[in-house]
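Participant: Below: one structure in structure tokens.
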Amino acid sequence: MAYKEAIAGNYEKAMTLNGFLYCAALGFSTDPMMMALELGIDGVSLSGTGPAYTALGSPELLDKLEPVWERFGGKVIRTKVNNSGGKACC
Numbered sequence: 057m058a059y060k061e062a063i064a065g066n067y068e069k070a071m072t073l074n075g076f077l078y079c080a081a082l083g084f085s086t087d088p089m090m091m092a093l094e095l096g097i098d099g100v101s102l103s104g105t106g107p108a109y110t111a112l113g114s115p116e117l118l119d120k121l122e123p124v125w126e127r128f129g130g131k132v133i134r135t136k137v138n139n140s141g142g143k144a145c146c
């Protein structure tokens with residue numbers, strides 16, 4: 057299902073669905089994801105096989121999410137998406 061959403065261009069929906077599936081499979085809490093979605097975040101997921109989470113959203117929404125996620129005791133890192141792809145060096 058997540059694959060079909062990604063192919064259809066619904067990347068945030070695919071990301072979120074994939075996150076819920078991986079949380080269930082690997083035993084991670086979905087609380088960080090639910091909190092992000094309640095704030096209106098576009099896409100949220102478990103990052104890789106955890107324990108980190110990742111979220112996509114406007115800077116304003118991420119400003120609201122950051123203090124919520126900081127309560128979990130981890131480090132919140134904000135960065136930008138790189139859409140330019142990799143480059144050969146040699």
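One gets this note's numbering by counting positions in the sequence shown from 1 and adding 56 to each.
Yeah, the Cβ is synthetic: ideal placement off N, Cα and C, and Gly gets one too.
Strictly by DSSP, which residues pair up with G106?
Facilitator: Partner(s): none; G106 has no beta bridge.
Participant: Thinking C-beta only, is N74 closer than 7 Å to A58?
Facilitator: Yes, the pair counts as a contact, with Cβ atoms nearer than the cut-off.
Participant: With a threshold of 16 other CB atoms inside 10 Å of the CB of V100, please say whether the residue is buried or exposed.
Facilitator: Per the 10 Å Cβ criterion, buried.
Participant: Spell out a yes or no on whether the segment 85-105 and the segment 114-130 are touching, meaning 3 or more CB-CB pairs, one atom from each, closer than 8 Å.
Facilitator: Verdict: yes, contact present.
Participant: What does a CB cutoff of less than 7 Å around S103 pick up in its chain, not counting 5 residues either side in sequence?
Facilitator: Cβ within range, chain order: Y109 and T110.
Participant: DSSP has G65 in a bridge; who is on the other side?
Facilitator: DSSP, once it has assigned bridges, lists no residue as partnering G65.
Participant: What residue does the alpha helix (DSSP H) around K120 start on, and which one ends it?
Facilitator: Element bounds for K120: P115 to E126.
Participant: Kindly indicate the opening and closing residues of the alpha helix (DSSP H) around P89.
Facilitator: Correcting the residue type first, residue 89 is Met in the shown sequence and not Pro. Taken as a continuous stretch (DSSP letters only), the alpha helix (DSSP H) holding M89 covers D87 to L95.
Participant: Where does G75 sit, in a helix, a strand or coil, going by DSSP?
Facilitator: Residue state, collapsed to three classes: helix.
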